[in-house]
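Below is one structure, written out as structure tokens; the observations come after it.
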Amino acid sequence: MREENLREVLFVRAFEESSRDEPLIDERERRLATREARAELSMDGKTVDPVEFFALRAARLRRVICSAHPFAEGVLEWAGGARLPLWLALVAGLLLGGGIDRLGPHQSVDLLNFPLLLVLVYNLVVYFALAYLALGRREVAGGDGAKSRAAGTGAVARWLLWLMAPTRPWARAIRGDGAAAVASGRFVRDWNRAGARLHQARVACWLHTAAAALMAGAILGMYLRGLVLDYDASWQSTFLSATQVHDFLALLFAPASWILGVRLPDLATIEALRAPGFGDAALWIHFYSVTGALVVLVPRSLLAVWTGRRARSLAKALSFDFNQDAYFMRLSSAERGAGSEATVEAYGYDPSPRASEGLKQLLFDLFGGRLGVTVLEPLDYGAEPASGADRKEGAAHCRVALFSLAQTPEREVHGEYLEELTRAAAGADGREALLVVVDQGPFLERFCRGDEADQRRQSRERNWTAVLAPLDLEPLFCELAGHPDPRVLERAGAVLWPGPLVGATV
Numbered sequence: 003m004r005e006e007n008l009r010e011v012l013f014v015r016a017f018e019e020s021s022r023d024e025p026l027i028d029e030r031e032r033r034l035a036t037r038e039a040r041a042e043l044s045m046d047g048k049t050v051d052p053v054e055f056f057a058l059r060a061a062r063l064r065r066v067i068c069s070a071h072p073f074a075e076g077v078l079e080w081a082g083g084a085r086l087p088l089w090l091a092l093v094a095g096l097l098l099g100g101g102i103d104r105l106g107p108h109q110s111v112d113l114l115n116f117p118l119l120l121v122l123v124y125n126l127v128v129y130f131a132l133a134y135l136a137l138g139r140r141e142v143a144g145g146d147g148a149k150s151r152a153a154g155t156g157a158v159a160r161w162l163l164w165l166m167a168p169t170r171p172w173a174r175a176i177r178g179d180g181a182a183a184v185a186s187g188r189f190v191r192d193w194n195r196a197g198a199r200l201h202q203a204r205v206a207c208w209l210h211t212a213a214a215a216l217m218a219g220a221i222l223g224m225y226l227r228g229l230v231l232d233y234d235a236s237w238q239s240t241f242l243s244a245t246q247v248h249d250f251l252a253l254l255f256a257p258a259s260w261i262l263g264v265r266l267p268d269l270a271t272i273e274a275l276r277a278p279g280f281g282d283a284a285l286w287i288h289f290y291s292v293t294g295a296l297v298v299l300v301p302r303s304l305l306a307v308w309t310g311r312r313a314r315s316l317a318k319a320l321s322f323d324f325n326q327d328a329y330f331m332r333l334s335s336a337e338r339g340a341g342s343e344a345t346v347e348a349y350g351y352d353p354s355p356r357a358s359e360g361l362k363q364l365l366f367d368l369f370g371g372r373l374g375v376t377v378l379e380p381l382d383y384g385a386e387p388a389s390g391a392d393r394k395e396g397a398a399h400c401r402v403a404l405f406s407l408a409q410t411p412e413r414e415v416h417g418e419y420l421e422e423l424t425r426a427a428a429g430a431d432g433r434e435a436l437l438v439v440v441d442q443g444p445f446l447e448r449f450c451r452g453d454e455a456d457q458r459r460q461s462r463e464r465n466w467t468a469v470l471a472p473l474d475l476e477p478l479f480c481e482l483a484g485h486p487d488p489r490v491l492e493r494a495g496a497v498l499w500p501g502p503l504v505g506a507t508v
């Protein structure tokens, strides 16, 4: 998704989910935006693409939000421009470079205490760190750029975003402490996290540009000052001899010497330059300029171009996992689920109508509103699972085993029942999955609520987890008749066994 679209989508999500008791967006406006976006995308009988639907719906609701809360427009604009302009990096680098090229006191070039020598060493350390980080990311299986701090700029990016965020007291873009301000703060956090790779690439480009400009300014400043001032060269050291200094300079300036076609002065010349002696600085300025260009200017310019292109590429196609977020799963449920089926079988438990409806809604949110749901008759304690002969051939199928937390799990009963279901799912080439749901409702009704009830509930949940663990299954604990919890929906996709359904979007 494009940067600006994802930004709007996260902006709208923050406002829609900010307060359940006092929604910031009228329900009619939300339904209207959903209906209009779906109608526009489904013209000519086309299938609605969920990502396009999210973007179009968010664009409509953004206008509603900004009309009701004008300051929110400023927050959204900040997120769109939360980056330092590249020209600022160029100007800052040139000015700083022009300042550090002060070759030395009294128009004298100190060959061993030259400020540019420190710049060269610093950049070599940076290149080593970049190489180390790059190799380290390759060694991590499936290295995720969002988790591995791109080019070591993650900390810098986070600091800059924190500094410029509209939630800071000095920014004053968010005023008050109402629900709208809370929603804006959440959007800022969500956007910083979702756009982390983009922010890091932009910061890296800015830093590389500034470093290249700094060296360019230093080189330019040396020659401009050299035109009107006469500089001498010398060196001094308490610990180094002339031979050691000669060897060091020969190593440092070897590439520049080869490019210029000029040999490094011999040992006698270096000895003569030892303070209080001195000599002409022109050759050393040439050596430092060429070396600075080779070590800093060219590599940093190439890195700036590369990271800039990467930032532009990311801005056109930012990745975001919509399939693991309950908000987006619910929004796109109407477009998902075609060709998929789910079979619900309660074991030793007769769920209430509200619990049954809650489970169906959970499955629709998880797999899509077009999902075909079949609810079988509840099984008695100790019975074998029903056959799946009535399933459509080739359809993606989820078998839902429903239990009550009020039941005491037994390996010889519940474990054997689930083991039979896992055998059926394991041989379906990924087109069948098993979801184990344990309804907390009957247990909570029986033991009420409170600290003691919570302890007993947690103990019972640990028992269920222990019984399912040998089968590599994880139970989904939820109160089906209660208010839907977004975390339950997100966890449901994670506990499917043996994994996501082939042919179904989860």
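3 is the number of the first residue of the sequence shown in this note's numbering; add one for each residue after it. By construction, the Cβ of each residue, glycine as well, lies at the ideal position given by its N, Cα and C atoms. Since we're looking at a predicted model, the values are computed, not measured.
query	result
For PHE330, three-class secondary structure by DSSP	helix
ASP249, DSSP secondary structure in three states	helix
Residues near PRO411 in its chain [Cβ-Cβ closer than 7 Å; skip 5 each side]	ASN465, TRP466 and VAL469
Beta-carbon spacing of LEU491, LEU368 below 8 Å	yes
First and last residue of the uninterrupted beta strand (DSSP E) at VAL184	From DSSP, VAL184 is part of no beta strand (DSSP E) but of the alpha helix (DSSP H) over 181-196.
Alpha carbon of GLU29 to alpha carbon of PHE405, nearest angstrom	35 Å
Cβ-heavy atom distance, TRP286 to the ligand SAH, below 7 Å	Among the components of this structure there are no ligands whatsoever, and the ligand SAH is therefore not found.
Close beta carbons around GLU476, own chain, < 7 Å, minus the five adjacent residues each side	LEU470 and VAL497
Coil, strand or helix - GLY2 by DSSP	A query on residue 2 cannot be resolved here, the shown segment of the chain reaching from 3 to 508 and no further.
ASP51 to PRO117 span [Cα, whole Å]	57 Å
GLY263 versus LEU285 - alpha carbon distance	12 Å
Three-way DSSP call (helix, strand, coil) for ALA319 in this model	coil
Coarse secondary structure for HIS399, derived from DSSP in three states	strand
Contact under 8 Å by Cβ, GLY219 with LEU88	no
C-alpha distance - GLY371 paired with LEU92, whole-angstrom precision	53 Å
Where PRO444 falls, given that 16 or more other Cβ within 10 Å makes a residue buried	buried
Residue span of the beta strand (DSSP E) that contains GLU347, given as start and end	342-348
Exposure of SER321, with buried meaning 16 or more beta-carbon neighbours within 10 Å	exposed
Cβ-Cβ distance between LEU473 and LEU420 below 8 Å	yes
Inter-residue spacing [alpha-carbon to alpha-carbon] between VAL14 and ARG62	10 Å
Completely contained alpha helix (DSSP H) runs for the stretch 424-508, where each covers 4 or more residues	443-449, 453-470 and 488-496
Nearest-angstrom Cα separation, counted from SER186 out to PHE130	40 Å
Minimum C-alpha distance to GLU337 - residue among MET3, SER20 and VAL53	VAL53
Contact under 8 Å by Cβ, LEU251 with LEU269	no
Spatial distance of VAL415 from PRO486 (CA atoms)	30 Å
Supposed close pair ASP112, TRP237 - CB separation, criterion 8 Å	6 Å
Cross-strand partners of PHE255 (DSSP beta bridge)	DSSP lists no partner for PHE255.
Selected residue, minimal CA-CA separation from ALA181, among SER358, GLN409, ILE27 and LEU120	ILE27
At least three beta-carbon pairs within less than 8 Å, the stretch 344-356 to the stretch 314-333	no
Alpha-carbon to alpha-carbon, HIS210 and LEU304	9 Å
Of the listed residues GLY501, GLN363 and LEU478, nearest to ALA428 (C-alpha basis)	GLY501
Endpoints, alpha helix (DSSP H) assigned at SER236	Looking at the DSSP string, SER236 is not in any alpha helix (DSSP H); the run it does join, the beta strand (DSSP E), is 234-236.
Neighbour-count burial assignment, GLY82, 16 or more Cβ in a 10 Å radius	exposed
C-alpha distance - ALA455 paired with ARG204, whole-angstrom precision	52 Å
Between the CA atoms of LEU8 and ARG489 - distance to the nearest angstrom	22 Å
Rounded separation between PRO380 and ALA348 - CA only	5 Å
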